[in-house]
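Some notes on the structure that comes next.
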Amino acid sequence: MLPLRDTASRRKLPIATLTIIVINIIVFINQMLLPYNEVLDMIYKYAFIPSRFVKGFKHIESYIPLFTSMFMHGDMVHIISNMWSLWLFGDNVEDHMGAFRFFIFYILTGLIAGFAHFIFNPMSDLPTVGASGAIAGVMGAYFIMFPHSRIISLIPFFPFFIGVPAPIYLFIWFISQLRSGIMSSIIGMIGGVAWWAHIFGFLAGVYLYKYFIKTERRW
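In the working numbering, the protein residues as written are 59 to 277.
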């Protein structure tokens, strides 16, 4: 299924969501314009590498990639899918939190997701980039906050559109991430997806969202 839009309405322009998307696009364009060796240098400096974090966790500069890696992406498909998911779920969550609270929430769940990836892959030398851990946090908040929303999705092979209840859509997504995370841990699979970052980012969003909702909108 390809998610196209949701049925939840919003009252205000999602300034924080749009700002995050613009920052990610600017960083990605900069990556694409750099010579290959400079891209590699950028990845080494700003991507999150768990094994390097193990060696230097006492130094503040070792924590910087946990933040900077959230604004980097590996390729066009990576950034488009992430930014589309952020737009799909982020605007409504921001509407209930406000721009500043939403931005802090986004960064916090992204950091938690990064730490989770480190805990489950402490000796990995693979650079980790992408906003998906933070976006998973937004999806976790959406899962609780909008139980009556539907995700309008395209079934590509037929094709036709279907409105899936948001809790069901997100629950299926979470279970798929959990299954992949467990399988990767059991068989020691090394790949380019930070499954546990997605899982714990989502759980962080489920738990923390209530502390960020604007008082007059708390329910």
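Cβ coordinates follow ideal geometry from the N, Cα and C atoms, glycine included.
Exercise. With a floor of 4 residues, list each alpha helix (DSSP H) that falls wholly inside the region 166-241, ordered by position along the chain.
Key: Fully enclosed alpha helix (DSSP H) runs of no fewer than 4 residues occupy 190-203 of the region 166-241, in order along the chain.
Quiz prompt | Opening and closing residue of the beta strand (DSSP E) in which Pro72 lies | solution = Where Pro72 is concerned, there is no enclosing beta strand (DSSP E), given that its DSSP letter is neither H nor E.
Quiz item: Assuming His175 and Trp254 make a contact with CB atoms under 8 Å, what is their CB distance in whole Å?
Solution: Between the beta-carbon of His175 and that of Trp254 there is about 6 Å, and that keeps the pair under the 8 Å contact cut.
Quiz item: Mapping DSSP to helix, strand and coil, what is Phe258?
Solution: DSSP places Phe258 within a helical segment (H, G or I) once states are collapsed to three.
Quiz item: Do Met154 and Ile73 have their C-beta atoms within less than 7 Å of each other?
Solution: The residue asked about is misnamed: residue 154 is His in this sequence, not Met. For His154 and Ile73, no; Cβs fall outside 7 Å.
Quiz item: Taking the DSSP output, what are the residues bridged to Pro61?
Solution: Looking at the DSSP output, Pro61 sits in a beta bridge with Ser211.
Quiz item: Which one of Tyr164, Gly148, Leu228, Phe111 has the shortest CA to CA distance from Lys70?
Solution: When the alpha-carbon of Lys70 is set against those of Tyr164, Gly148, Leu228, Phe111, the nearest one is in Gly148.
Self-check item: Simplified DSSP state of Phe106, which is helix, strand or coil
Solution: Strand.
Practice problem: Using only alpha-carbon positions, find the residue among Lys103, Ser143, Val112, Ile107 that is nearest to Pro61. | Solution: The candidate whose alpha carbon is nearest that of Pro61 is Ser143.
Exercise. Could you name the residues of the same chain whose beta carbon sits closer than 6 Å to that of Arg159, not counting the 5 residues immediately before and after it, in chain order?
Key: For Arg159, the CB contacts under 6 Å within the same chain, skipping 5 residues up- and downstream, are Phe270 in chain order.
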